[in-house]
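Data block below; observations after.
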Amino acid sequence: MSTILVLGGYGAVGREAATALTERPGMTVIVAGRDPGRARPVPGTTALRVDVSDPAGLDRALEGVDTVLMCVEPGNVAVARACLERGIDYVDVSASRHLLTGIQELDGLAAERGATAALSVGLVPGVTNLLARICAGRSPGRDLRIGVLLGSGEQHGPAAIAWTLDGLGRLDGSWTMRFPAPYGERTVHRFPFSDQYTLPGTLGVASASTGLCLDSRLTTGLLAAARRPPVTGLLRRPKVRSLLFKALEKIRLGGDGFAVTVQAGTARASFSGRLQSRATGRTAALLIRQLPAPHPGVRHIEQLVDPVAFLTELAAEGFDLHLDQER
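This is the structure we're talking about:
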């Protein structure tokens, strides 16, 4: 019997992960957040109030826990350190480069305490890392191009919207990627997902670039326009962001489908389906169930599992995997 603490467990990703973990026997799942009384309960789990910025409260919450799944972004490095110091495995779905870099520096601590910190565990990064490992193996020595198509009609929380707005305009470059049906060829715009920074180190490739587009061509055009410095600066103003958040809660210009695809030379592999938050949550839950032991240290998902076997099992939960494509 393992005890899993899901921090940020009432958000879209946390709920999906917690639900998936309760579907398999042998796991006690604790869903934690700052105000569980206001959240919709997750059947089969125990609710707990935890503020990750409170060291004493976090210390109490970690008692008797085997694995922590981090589904929020404040204080990730501090939480990871607290877990690893106690020999507790830590799994993080963050897509922010600076957070993963900070946790990577805890590798020595993790190895000393015999714990594993698993990073890049979600759709992007995560599934994209595994697709990249497959393509890099089929076309060695080639640069990686990663395309991410997200549904602009899927409902996201304020934190996810803020993260996206903060990433606009930080990287230059656009190119065309071919996504599985029904999307086809789309123009993607380089976006600061963390996978492109970690993959050269974990896979030994020269470079990797990740581009983003939305399922709606209209919203993709708006995304491209928002990358211009004057617009980006405007979107960082609190009043403008507040109005935009309210508008995005009411307006749905696209659907809830997603697709990610990776190219390296002639090799291409893709993964697609509905609800990116579900894909991220299910990826995290599957990784926790398969977390190798002993495997102490800080590792990214592509260093921990066999990519084909893992993605095949994940696809069985209602997603589509394409591994035999060539350009």
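Add 68 to a position in the sequence shown, counting from 1, and you land on the number used in the numbering used here.
C-beta: ideal position from N, C-alpha, C; glycine also.
Item, Value
"Pair within 8 Å by beta-carbon distance, Ile-214 and Thr-278", "yes"
"Inter-residue Cα distance where the pair is Trp-54 and Phe-261", "The question about residue 54 has no answer, for the chain in this structure spans 69 to 395."
"Residue closest to Thr-266, alpha-carbon to alpha-carbon, out of Cys-203, Ile-369, Val-216, Ala-183", "Ile-369"
"Proximity below 8 Å, CB of Ala-183 to CB of Gly-143", "no"
"Alpha-carbon to alpha-carbon, Gly-105 and Ile-356", "27 Å"
"Whole-number beta carbon distance between Gly-325 and Arg-342, since they are thought to touch under 8 Å", "5 Å"
"Straight-line Cα distance separating Leu-271 from Gly-323", "33 Å"
"Continuous alpha helix (DSSP H) stretch holding Val-145: start and end", "144-153"
"Top-ranked residue by Cα proximity to Cys-203, from Gly-386, Gln-344, Phe-339", "Phe-339"
"Val-147 beta carbon less than 8 Å from that of Leu-75", "yes"
"Nearest neighbour of Arg-128, chosen from Ala-352, Leu-372, Leu-73 [CA to CA]", "Leu-73"
"Backbone CA spacing between Arg-165 and Thr-380 [nearest angstrom]", "27 Å"
"Beta-carbon proximity of Leu-280 to Val-195, cut-off 8 Å", "no"
"Where Arg-395 falls, given that 16 or more other Cβ within 10 Å makes a residue buried", "Model confidence at Arg-395 stands at a pLDDT of 48, short of 50, so the residue's coordinates are unreliable and nothing is read from them."
"Bridge partner(s) assigned by DSSP for Gln-331", "Arg-213, Arg-336"
"CB of Cys-139 within 8 Å of CB of Gly-79, strictly", "yes"
"C-beta contact flag for Ser-345 and Val-81 at 8 Å", "yes"
"Limits of the unbroken beta strand (DSSP E) element including Ile-98", "95-101"
"Neighbourhood of Val-328 by C-beta, 8 Å cutoff - its chain only, sequence neighbours within 5 removed", "Leu-191, Val-192, Val-195, Thr-196, Leu-199, Ile-214, Gly-215, Val-216, Leu-217, Ser-338, Phe-339, Ser-340"
"Cα-Cα separation, Arg-181 to Leu-187", "18 Å"
"Given Phe-247 as reference, the closest of Gly-209, Arg-336, Val-120 once Cα atoms are compared", "Arg-336"
"Within 8 Å, strictly: CB atoms of Leu-174 and Ala-163", "no"
"Straight-line gap, Arg-102 to Asp-122 (C-alpha atoms, nearest Å)", "10 Å"
"Counted within 10 angstroms of its Cβ, other Cβ atoms place Gly-386 as buried (16 or more) or exposed", "exposed"
"CB contact flag (Leu-359, Asp-157, <8 Å)", "yes"
"Separation of Phe-259 from Asp-240, as counted between CA atoms", "8 Å"
"Close Cβ partners of Gln-264 (< 6 Å) along its chain, the five nearest in sequence each way excluded", "Ala-276, Ser-277, Thr-278"
"Span of the beta strand (DSSP E), counted from its first residue to its last, around Ala-88", "Looking at the DSSP string, Ala-88 is not in any beta strand (DSSP E); the run it does join, the alpha helix (DSSP H), is 80-90."
"Presumed contact (8 Å Cβ cut-off) between Val-189 and Ala-352, rounded CB distance", "5 Å"
"C-alpha gap between Thr-348 and Ile-171, whole angstroms", "20 Å"
"Cα-Cα separation between Gly-333 and Ser-207, rounded to whole angstroms", "6 Å"
"Cβ-heavy atom distance, Asp-127 to the ligand GTP, below 7 Å", "This structure simply doesn't include the ligand GTP, nor any ligand for that matter."
"Collapsed DSSP secondary structure at Val-195 in the structure displayed", "helix"
"Beta-bridge partners of Cys-203, as assigned by DSSP", "Paired residues: none, contrary to the question."
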